[in-house]
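Before any comments, here is the structure.
There are 2 protein chains.
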Amino acid sequence: MATRNAFYAQSGGVTAVINASACGVIETARKRRKYIGRLYAGRNGILGALTEDLIDTSREPAAAIRALRYTPSGAFGSCRYKLKSFEQNPREYERLIEVFRAHDIGYFFYNGGGDSADTCLKVSRISGRMGYPIIAVHVPKTVDNDLPITDNCPGFGSVAKYVAVSTREASFDVASMAKTSTKVFVLEVMGRHAGWIAAAGGLASSKGMEIPIVILFPEIAFEKDRFLARVDELVKKHGYCSVVVSEGVKGPDGKFLSDQGLRDAFGHAQLGGVAPVVAGMLKQGLDLKYHWGVADYLQRAARHIASKTDVEQSYAVGKAAVELAVSGRNSVMPTVVRKSNRPYKWGVGVAPLDKVANVEKTMPRDFISGDGFGITAKCRAYLEPLIEGEDYPPYRGGLPAYVRLRNAPVRKKLGAFSL
Amino acid sequence: MATRNAFYAQSGGVTAVINASACGVIETARKRRKYIGRLYAGRNGILGALTEDLIDTSREPAAAIRALRYTPSGAFGSCRYKLKSFEQNPREYERLIEVFRAHDIGYFFYNGGGDSADTCLKVSRISGRMGYPIIAVHVPKTVDNDLPITDNCPGFGSVAKYVAVSTREASFDVASMAKTSTKVFVLEVMGRHAGWIAAAGGLASSKGMEIPIVILFPEIAFEKDRFLARVDELVKKHGYCSVVVSEGVKGPDGKFLSDQGLRDAFGHAQLGGVAPVVAGMLKQGLDLKYHWGVADYLQRAARHIASKTDVEQSYAVGKAAVELAVSGRNSVMPTVVRKSNRPYKWGVGVAPLDKVANVEKTMPRDFISGDGFGITAKCRAYLEPLIEGEDYPPYRGGLPAYVRLRNAPVRKKLGAFSL
Numbered sequence: 001m002a003t004r005n006a007f008y009a010q011s012g013g014v015t016a017v018i019n020a021s022a023c024g025v026i027e028t029a030r031k032r033r034k035y036i037g038r039l040y041a042g043r044n045g046i047l048g049a050l051t052e053d054l055i056d057t058s059r060e061p062a063a064a065i066r067a068l069r070y071t072p073s074g075a076f077g078s079c080r081y082k083l084k085s086f087e088q089n090p091r092e093y094e095r096l097i098e099v100f101r102a103h104d105i106g107y108f109f110y111n112g113g114g115d116s117a118d119t120c121l122k123v124s125r126i127s128g129r130m131g132y133p134i135i136a137v138h139v140p141k142t143v144d145n146d147l148p149i150t151d152n153c154p155g156f157g158s159v160a161k162y163v164a165v166s167t168r169e170a171s172f173d174v175a176s177m178a179k180t181s182t183k184v185f186v187l188e189v190m191g192r193h194a195g196w197i198a199a200a201g202g203l204a205s206s207k208g209m210e211i212p213i214v215i216l217f218p219e220i221a222f223e224k225d226r227f228l229a230r231v232d233e234l235v236k237k238h239g240y241c242s243v244v245v246s247e248g249v250k251g252p253d254g255k256f257l258s259d260q261g262l263r264d265a266f267g268h269a270q271l272g273g274v275a276p277v278v279a280g281m282l283k284q285g286l287d288l289k290y291h292w293g294v295a296d297y298l299q300r301a302a303r304h305i306a307s308k309t310d311v312e313q314s315y316a317v318g319k320a321a322v323e324l325a326v327s328g329r330n331s332v333m334p335t336v337v338r339k340s341n342r343p344y345k346w347g348v349g350v351a352p353l354d355k356v357a358n359v360e361k362t363m364p365r366d367f368i369s370g371d372g373f374g375i376t377a378k379c380r381a382y383l384e385p386l387i388e389g390e391d392y393p394p395y396r397g398g399l400p401a402y403v404r405l406r407n408a409p410v411r412k413k414l415g416a417f418s419l
Numbered sequence: 420m421a422t423r424n425a426f427y428a429q430s431g432g433v434t435a436v437i438n439a440s441a442c443g444v445i446e447t448a449r450k451r452r453k454y455i456g457r458l459y460a461g462r463n464g465i466l467g468a469l470t471e472d473l474i475d476t477s478r479e480p481a482a483a484i485r486a487l488r489y490t491p492s493g494a495f496g497s498c499r500y501k502l503k504s505f506e507q508n509p510r511e512y513e514r515l516i517e518v519f520r521a522h523d524i525g526y527f528f529y530n531g532g533g534d535s536a537d538t539c540l541k542v543s544r545i546s547g548r549m550g551y552p553i554i555a556v557h558v559p560k561t562v563d564n565d566l567p568i569t570d571n572c573p574g575f576g577s578v579a580k581y582v583a584v585s586t587r588e589a590s591f592d593v594a595s596m597a598k599t600s601t602k603v604f605v606l607e608v609m610g611r612h613a614g615w616i617a618a619a620g621g622l623a624s625s626k627g628m629e630i631p632i633v634i635l636f637p638e639i640a641f642e643k644d645r646f647l648a649r650v651d652e653l654v655k656k657h658g659y660c661s662v663v664v665s666e667g668v669k670g671p672d673g674k675f676l677s678d679q680g681l682r683d684a685f686g687h688a689q690l691g692g693v694a695p696v697v698a699g700m701l702k703q704g705l706d707l708k709y710h711w712g713v714a715d716y717l718q719r720a721a722r723h724i725a726s727k728t729d730v731e732q733s734y735a736v737g738k739a740a741v742e743l744a745v746s747g748r749n750s751v752m753p754t755v756v757r758k759s760n761r762p763y764k765w766g767v768g769v770a771p772l773d774k775v776a777n778v779e780k781t782m783p784r785d786f787i788s789g790d791g792f793g794i795t796a797k798c799r800a801y802l803e804p805l806i807e808g809e810d811y812p813p814y815r816g817g818l819p820a821y822v823r824l825r826n827a828p829v830r831k832k833l834g835a836f837s838l
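Chains A and B are the protein sequences, given in the same order. Using the working numbering, read the first sequence as starting at 1 and increasing by one per residue. Using the working numbering, read the second sequence as starting at 420 and increasing by one per residue.
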């Protein structure tokens, strides 16, 4: 097998550990010189390939690549862009081959979630369909934890840890204030379709450290009266409670709870979060003093409190992707395989990409308690190992010393391409 | 001097490090048995004294007290309750003396901000005014950093670190997404009257790690057009930017920007945050895709990312309070004194309480850049040492192993008291 160059890109919403996967890909590629010549990164995901906007990662010193392991976000830029089917837009595929050929790219690594797996699958079929030899391997990443086959998704464990830690800390705060002031703290977390992230809020309460928490899942239709009754019960018993609400919670009418038709004084529609909506109900329905927060990007960027397990798995799938590729495996994705819960043991497996792309794994109903407001022991057993361990970045002047790569461009060989 | 008991309580909004001050008070009191017999904590601040709801801290093992150093929030419960003047409500003072006398309390330590300093000052005057001998020392604490005389306030450094770290992390995120998606991230932070906390967002950008950030201070009247022009300029130059907005930002009319007269579909008033208001302006005025977050309690409870400097100073003022008290100093507050910036050196001083109570220190105008959207070099030199150093709590099962005290009540000797 001749030495060929490789392409790596990051896609979709970024995470605290997607760069750890990049680190795994690049460090492993550097050890496989027999197969992989240069590793080019796409600037802003697949757009980098389409527009021939390539970054020469060989220009980055080893220390900078090592620092990717503890740097959040996408070091090469990400994108939200889905390739159309070959029939709908053959021009895009022809262009990809043109760019791959110009730069002798024989390996394609795409780091993303479900939509990105679809892009990677399409690229993997170029080989058979259009006669250009390329091996495409998907590197899994998504805070949503909704990819199938893999036990969990790199990126999720760190969000889960952030939400669990933050919920515990804010609950301590509201417990202190409850006697004369705030009695409920509402935290809004990510999760449009699946409640994995909200579920992690439940970990804040553990044996010997019980905390009254109500979780609102997108999987459970929101019923205001039942919710108010539950909060009322907990506040009467404990003096306070915390609410962790998924951004994707819907009412019985199927509409997002955050979509309350808010208007400002001029009648303009305002997009609010779901946390203030829920908090408003507590005020109106129970006359409880509340505080609310919206974690938004903070939760998925919080490398400072990343899960060590998650960092290690993110690196491992990056490394495995390169090893699969150089052994000739096309159209696959490395997965995390759980071997045991206590002690937690895991390994890396492999899944065919056509079984991954466009398939969404939702939360099993038996992970959510009967009343719909909490997590079950089964869910806890699944989640706990994923937030295990701390993996602190180095600090300089009180701030994490994250790396910014120089991202030197590869000289273009082709003409421009309009998307 | 005879051995007498002491009273300690926590007041106002809690912080990530108020318990570190409690730790300093209790550990030091335990070493001063010659002066201090038992140290009683008030359950929920001064309410614990008024209702004779006392906690016997001598029942807590040394390890639990040590753990307070890394546990956020108020371990004994806090309160928002201001004593009226003696003339307005002599009954309260008579009751305090009754409780103090019943439990032989000769030392009073009150841990809080400006309002609490006023309570402590009033108690310190009981001695002269009502003939009951007591020494009252205030232990400074406030995330608002608005107490006078002290160089900075214990509690502030950790919020500042949280905001700086979070702004850096979220900025990395939005920079990755900006090409095809989100271009601006808006983070709402605390600060009703003073912009100290928002200013800390400016630390996210530093030499060699420049990040485009717009800060909105409560001290600067918000002008929409100037704000939009500034964001537009930064996004055009860098492709993205972050906005850190203080909850207390007001428009030229002096009204809170968060107070937009929001109504839901039924016409009910909704209390939103200022972050969605600002984000909405970016969408309407510049058609920029945005994300927004509201840190709320997370910022002041985030012991997991506390500033080591802040933890040490919080402990030190607790310790100093006891030492001042046993040396007979009534009606004072230990302060943090800055001795040099580089290297940062500090010590503990002392301020008379009547110069502290009800005085608010605002941000000097020369800490805010000319255009009103950033911090000056002078502000940076002031802030930087305060976020220096990490002081991680121990973890168990992926979560910080914070302590919950047993908080055993002291047997009551008096009848009930209605507030």
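Backbone N, C-alpha and C fix where the C-beta goes; we use that ideal spot for every residue, glycine too.
A distance below 9 Å separates the beta carbons of G532 (chain B) and G432 (chain B). Per DSSP, E652 (chain B) has no beta-bridge partner at all. Pairing D729 (chain B) with F575 (chain B) gives a Cβ-Cβ distance under 9 Å. When C-beta distances to chain B are compared with 9 Å, the residues of the segment 284-317 of chain A below that value are Q284, H291, W292, G293, V294, A295, D296, Y297, L298, Q299, R300, A301, A302, R303, H304, I305, S307, K308 and T309, in chain order. Around the beta carbon of S340 (chain A), a 10 Å sphere encloses fewer than 16 other beta carbons of the protein chains shown; the residue is thus reported as exposed. By the 16-neighbour rule on beta-carbons within 10 angstroms, T3 (chain A) is exposed. Ranked by Cα distance from I474 (chain B), the first of B:G699, B:A494, B:I455 and B:R485 is B:A494.
Here the C-alpha atom of S171 (chain A) lies approximately 15 Å from the C-alpha atom of V189 (chain A). One alpha carbon belongs to S477 (chain B), the other to P491 (chain B), and they sit about 21 Å apart. Within chain B, the residues placing a beta-carbon under 8 Å from that of S73 (chain A) are E588, F591, D592, A594 and S595, ordered along the chain. Interface annotation, V214 (chain A): not in contact with chain B, CB-CB separation never under 9 Å.
In this structure, L298 (chain A) keeps its C-beta atom at 9 Å or more from the C-beta atom of Y290 (chain A).
Counting only Cβ-Cβ distances below 8 Å, R404 (chain A) has contacts in chain B at M628, in chain order. No Cβ of chain A is located within less than 9 Å of the beta carbon of G531 (chain B). Here A740 (chain B) is near V444 (chain B), since their CB atoms are less than 9 Å apart. Flagged as an interface residue toward chain B: I387 (chain A), by a C-beta distance shorter than 9 Å.
At a cut-off of 9 Å between C-beta atoms, T335 (chain A) does not count as an interface residue with respect to chain B.
Taking the Cβ atoms as the reference, Q313 (chain A) lies roughly 5 Å from P154 (chain A), within the contact range of under 8 Å. Boundaries of the alpha helix (DSSP H) around T586 (chain B): F575 to M596. Contact between A204 (chain A) and I197 (chain A) is ruled out by a C-beta separation of about 13 Å, above the 8 Å threshold. Against chain A, the CB of Y427 (chain B) has no partner CB under 9 Å away; the residue lies outside that interface. Between G456 (chain B) and A481 (chain B), the CB-CB gap reaches or exceeds 9 Å.
For M549 (chain B), the three-state secondary structure derived from DSSP is helix.
In the three-state reduction of the DSSP assignment, D366 (chain A) falls in the helix class, which pools H, G and I.
With a beta-carbon spacing of about 5 Å, A275 (chain A) and V294 (chain A) fall inside the 8 Å limit used to define contacts. Within 10 angstroms of the beta-carbon of S85 (chain A) lie fewer than 16 other beta-carbons, which makes it exposed. The distance from the Cβ of L818 (chain B) to that of R380 (chain A) is about 12 Å, inconsistent with a contact at the 8 Å cut-off.
Going by C-alpha positions, E638 (chain B) is about 11 Å away from F792 (chain B). The beta carbons of C539 (chain B) and L772 (chain B) sit closer together than 9 Å.
In chain B, no part has a C-beta under 8 Å from the C-beta of N145 (chain A); the shortest such distance is about 16 Å. With fewer than 16 neighbouring CB atoms inside 10 Å of its own CB, G747 (chain B) falls in the exposed class.
Using a Cβ-Cβ cut-off of 9 Å, P819 (chain B) is close to V165, R168 and E169 of chain A, given in chain order. Taking a 10 Å sphere around the C-beta of P140 (chain A), we find 16 or more other C-beta atoms and assign the residue as buried. Within the segment 789-835 of chain B, the alpha helix (DSSP H) runs of at least 4 residues that lie entirely inside it are, in chain order, 796-802.
Where D475 (chain B) is concerned, the enclosing beta strand (DSSP E) starts and stops at L473 to D475. Here DSSP, grouped into helix, strand and coil, assigns V562 (chain B) to coil.
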